[in-house]
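Protein chains in written order, with the numbering used here: chain Y, 62 to 493; chain X, 1103 to 1585.
Glycine residues also receive a C-beta, built at the ideal position from the N, C-alpha and C atoms.
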Amino acid sequence: MQTNFTAEQLRDPDTASSNAVLRTCVHCGFCTATCPTFLLLGDELDSPRGRIYLIKDMLETGRPATEEVVRHVDRCLSCLSCMTTCPSGVNYMHLVDHARTYIEQTYRRPLPERLLRSLLGVLLPRPGLFRMALTGAGLARPLGRLIPGTSMLAQRMRAMFALAPAEVPAPSPVERPRVYPAEGVRKARVALMTGCAQQVLMPRINEATIRLLTRLGVEVVVSQGAGCCGALNHHIGQHDRAMNLVRANIEAWSKEADLDAIVINASGCGTTVKDYGFMFRSEPDAWRTKAEKISAMTVDITEFLARFGYAPTRDKPGLTVAYHSACSLQHGQRVTAEPKTLLTRAGFRVVEPKESHICCGSAGTYNLLQPEIAGRLRERKLGSLNATKPDLIAAGNIGCITQLSGDAVPVVHTVELLDWMAGGPKPPGVPG
Amino acid sequence: MIRQPDPKPDVMVRRDSIVAGLRKLLPETGLIAEPLRLKPYETDGLSAYRQVPLAVALPETTEQVAAVLRFCHQNGVRVVPRGAGTSLSGGALPMADAVVVGMMRMNQILDIDYPDRCAVVQAGVTNIGITNAVSADGFFYAPDPSSQLACMIGGNVNMNSGGAHCLKYGVTANNLLGLKIVTIDGEIIDIGGAYLDAAGYDWLGLLTGSEGMLAIVTEVTVRILRGPEGARAMLAAFKSNEIAGACVDSIISSGIIPVALEFMDRPAIHACEAFAHAGYPLDAEAMLIIEVEGSVEEQDRLLEQLSAICRNFDPISLKISQSAEESLAIWKGRKGAFGAVGRISPDYLCMDGTIPTSQLPHVLRRIQEMSDSYGLKVANIFHAGDGNLHPLIMFDANNPSSFHAAEEFGADILKLCVEVGGCLTGEHGVGVEKRDLMPVQFRPHELTQQRDIKSAFDPDWLLNPSKVFPLLDSETAVLPRAA
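Here it is in structure tokens:
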């Protein structure tokens, strides 16, 4: 597609990168077909192609972001479904990330929204604070439903209370920095990213991961100084805050010796860590090289297990698992076959819902910021999942697990099932 | 340079009242009029041509479409219908004084009738959406344009779209049973229905391929077919475009009708392989995708016969797909071909002409010669069995002279199609892209007769008036050039 940037504009590395992305787009419109918001709203402006056009115009004119552009970019889930559909290889992720940062820098949001975004940006990456806030919200949960009104603010407040669990799990000891030695002969050594929101909401995911890996002969390191991957801040345009978190992780993992991989069990984080190299493209060489190295070493837990080897020790449980493919895993990291292959190898009957490429509406903080659309996507996803008549639902991302929980069928992390079948405890809520 | 009729001054000055009037007829979010939000609607799949419209209406029911058209008719406002906006001929290119009527919100499957093998769907259902709705029960909707993932059935009807599998099953016109249309004065008319032949004159035939100039289609009754027992694709690689072209002619002459017979040349093979990882032969100058279907025995026998024909043309390799995944990847590459060319060139013009299959070797050679003389690369990807060519002319839209040369090169290819006994368009429609070439195909009085049909439906020429026919001098204005 034609672009109109001046040589001056193109000297800015972010603009140059976006120009390259825009030039790859041929405006064929395939992306509209797999975009969740276009399916629901039926307006080109709420499709990738429409957003690309709005972003292109905003960047070319160099105008501050306007309410119209912000509205349609905000509605984007960053599910990246468009990227696995696009035949031209348009890197929509980098374009929309640039747009989100540009919006934060040039647009002043209404006060309640600014407060909410700042709050999320501060709370979520800090497990201690987040746990305290959740405990409070959990206690106040019954009051949440009483919030009146149809305004966006009221909807968001209700969504926040609804998502807060009634009981917040106690902190797990496994997140503290230390080395978990392999059982028997050490065959590999990996760093586990223990994440931020996940360890507060479901500490059992990291516990299952460490149990399974060490049992298989993998030494697991939880590195001192590593924390949130930066995705939550990055996706709401808080660029500097995100970069600080990224820098801390790169430093922490770069200090570790003899790492075979960095293993991630929250695919939303995995997509971002795999992009550290790009995020640091304009940083000094030393940092850029480190960032690229970290990205290249990063794998999803299912990628690691598929390569390393996995075998169950228990008898087949006779359960049907509906596998929900998290967008960050299937579109962001293009990991599609491994989780299903592993679950099948573990002894489960694996089924997939219709429209498996469409987002469940979780999308990081999206279900808090766009509760109406997120709610409609949740209903649509639960409908197609339940139609497969599963005993349980498995997913590889904490966001999806939280979003889909609370309905008739229990939702667990893929790694919990793999751990169970290899000798670990049965995940809570699983029948049989 | 593409010319548009002059915007009507009386419409432009009444813009605010027209917008206000339309707003009353549509749901809250159903009318777009802010300049910034109109911009993404300025173009379709032919992004070299652009024009921001007066407004965009997004109706949700046939009645709302009727109300909008009635209002526009009463107020002398032009209307441009739009489906998914995937047209490669600029069929949905707006006009400055026109209201774009977008059908995207009318995306419901209304009825599926298995005993009588038909489905009633709204115009904004995607082509693949019909097949997806019936595939669990073993049925499919046959015409399969490459953009089938995104393109909408209303647009398919208006362009009489084809696709890879139309060699066996026919194009949109052969798979339609009925339409609900709205005329420019807001009248709702039903034509045909859940039976094979419509009564009276063949209105379906007239409306199919009418490019949104006679009426707006809001509902479509299509035939659905039971899927074959199985299908298998074969990849045949050749040493030159001409040899592959001659092989196509030989297959068609033999009387075998494969379900699909597709052609890709070297640049296309490489671009598509990078996208689909389908195991395309990267050492070939040209490749045919040949698909057969039926029982395993039928497939085996046909593949054997087809392999024998291919062997007469000194193939580099013949490879039969061994699994459903492999076939899927083969088709993913072919269907994503146009977009995949975006990997090797920032912009392209996709041509769409049809020729007798016996002319394939000659025409492919001439296209290569023109490519050399214009200094523009070309990728050939097309429905070879139908003789429906899709040369993709690669250019750089950021370089105006490159775009101009691409336009001329494209016109030369289409003139060549007519010269060898073929026609200007296969399945993309005339749109604005081929409008000014119509006199190459038709004599003046033939064009006049066709214009008279348009006038019978739409005497004031309000519906998509700048498409298909060369503009008459009185109505011309110059649209700012894209590049």
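Spatial neighbours of residue 1516/X in its own chain (CB-CB distance under 6 Å, excluding positions within 5 residues in sequence) are listed in chain order as 1455, 1526 and 1539. In this structure, the alpha-carbon of residue 1490/X lies about 47 Å from that of residue 330/Y. By the Cβ neighbour-count rule, residue 1114/X is exposed, with fewer than 16 other Cβ atoms within 10 Å of its own. By the rule that beta-carbons nearer than 9 Å mark a contact, residue 1141/X touches chain Y. Residues of chain X with a Cβ closer than 7 Å to the Cβ of residue 115/Y are, in chain order, 1142. Residue 432/Y is not a Cβ neighbour of residue 287/Y, given a cutoff of 9 Å. Linking residue 1262/X to residue 1372/X through their CA atoms gives a straight-line distance of about 30 Å. The alpha carbon of residue 1518/X has as its nearest neighbour, out of 1223/X, 1461/X and 1506/X, the alpha carbon of 1461/X. Identification of chain Y residues near residue 1445/X by a Cβ-Cβ cut-off of 9 Å yields 85, 148, 149 and 150, ordered along the chain.
By the criterion of a C-beta distance shorter than 8 Å, residue 125/Y is surrounded in its chain by 167 and 168, once the five residues flanking it on both sides are discounted. Distances from the CA of residue 1327/X to each of 1227/X, 1509/X and 1233/X were compared; the closest alpha carbon is that of 1233/X. Following the DSSP letters along the chain, one finds residue 1353/X inside the alpha helix (DSSP H) bounded by residues 1343–1355. Interface criterion met: the Cβ of residue 63/Y is under 9 Å from a Cβ in chain X. For residue 1204/X, the beta-bridge partners assigned by DSSP are 1184/X.
The three-state reading of DSSP puts residue 1395/X in strand, counting E and B together. Of all alpha-carbon atoms in 1349/X, 1111/X and 1230/X, the one lying nearest the alpha-carbon of residue 416/Y is that of 1230/X. Note that the C-beta distance between residue 1431/X and residue 1370/X is not below 9 Å. In the same chain as residue 1543/X, and ignoring 5 residues on each side of it, the C-beta atoms closer than 8 Å to its own belong to 1520, 1525 and 1526, in chain order.
Of all C-beta pairs linking the region 244–252 of chain Y to the region 197–213 of chain Y, fewer than three are shorter than 8 Å, placing the two stretches out of contact.
Spatial neighbours of residue 311/Y in its own chain (CB-CB distance under 6 Å, excluding positions within 5 residues in sequence) are listed in chain order as 351, 352 and 355. Remark: fewer than three beta-carbon pairs, one from each stretch, lie closer than 8 Å, so the region 1335–1353 of chain X and the region 1278–1292 of chain X are not flagged as touching. Proximity of the region 137–147 of chain Y to the region 254–269 of chain Y falls short of the contact definition, fewer than three beta-carbon pairs being nearer than 8 Å. Among the CB atoms of chain X, one or more fall inside 9 Å of the CB of residue 110/Y. Contiguous alpha helix (DSSP H) elements confined to the region 1531–1571 of chain X occur at 1540–1543 and 1546–1559, taking only those with 4 or more residues.
According to DSSP, residue 1365/X shares a beta bridge with 1390/X and 1484/X.
Those residues of the region 87–111 of chain Y placed with their C-beta closer than 9 Å to a C-beta in chain X are 87, 88, 89, 90, 91, 92, 93, 94, 95, 99, 100, 102, 103, 104, 105, 106, 108, 110 and 111, ordered along the chain. Residue 434/Y sits close to residue 427/Y, with the two beta carbons spaced by under 9 Å.
Contact check for residue 1281/X and residue 1264/X: beta-carbon distance about 18 Å, past the 8 Å limit, so the pair fails to qualify.
Cα atoms of residue 1434/X and residue 1344/X: separation of roughly 25 Å, rounded to the nearest angstrom.
Taken atom to atom, the span from the alpha-carbon of residue 1194/X to that of residue 1312/X is near 13 Å. Here DSSP, grouped into helix, strand and coil, assigns residue 1242/X to strand. Rounded to the nearest angstrom, the gap between the Cα atoms of residue 1104/X and residue 1192/X is 11 Å. Looking at the backbone, the Cα of residue 1240/X and that of residue 1216/X are separated by about 10 Å.
Within the DSSP secondary-structure output, residue 1340/X pairs in a beta bridge with 1388/X. A straight-line Cα-Cα distance of about 7 Å links residue 314/Y and residue 284/Y. For residue 1265/X, no beta strand (DSSP E) run applies, since DSSP gives it neither H nor E.
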